[in-house]
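When we follow the working numbering, the leftmost residue of the sequence shown carries the number 334, and every step to the right adds one. From the three backbone atoms N, C-alpha and C, an ideal C-beta is built for every residue, glycine too.
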Amino acid sequence: MAGKVLDKKNLLELGADTPGDLLLEAVKGHAARQRRVRMALCADLGPEAITADMRKRFASIRRGRSFISRKAQ
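Following this line, the structure appears as structure tokens:
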């Protein structure tokens, strides 16, 4: 396996199940990564699905109570 390069061609050779499982494992516990994958999946469903997901995200940000420092950005 040391000679294998991590690229799109080699991932396609694995089939859909293995990279899918690896992706689910990678995003587990990371909300930002999960949102990004969810948005990519919504892109195939059309603009209505993306809009609904964005509205849910904006609503959760609006409900949030944590302070974001201007200096930290």
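Exercise. Is K361 helix, strand or coil by DSSP?
Worked result: Residue 361 sits at position 28 when you count from the first residue of the sequence shown. Reduced to three states, the DSSP call for K361 is coil.
For this session: Could you tell me the distance, in whole angstroms, from the CA atom of K361 to the CA atom of S402?
Result: Walking along the sequence shown from the start, residue 361 turns up at place 28. Walking along the sequence shown from the start, residue 402 turns up at place 69. Whole-angstrom Cα-Cα distance: 27 angstroms.
Exercise. Is the Cβ-Cβ distance between V487 and L356 less than 8 angstroms?
Worked result: No answer is possible for residue 487: the residues shown for the chain start at 334 and end at 406.
Problem set entry | DSSP three-state assignment for I383, whether helix, strand or coil | Against the sequence shown, residue 383 aligns to sequence position 50. The answer is helix: DSSP assigns I383 an H, G or I state.
Exercise. Could you give the distance in angstroms between the alpha-carbon of R388 and the alpha-carbon of E381?
Worked result: Here the question's residue 388 lines up with position 55 in the sequence shown. Here the question's residue 381 lines up with position 48 in the sequence shown. Those two C-alpha atoms are separated by around 11 angstroms.
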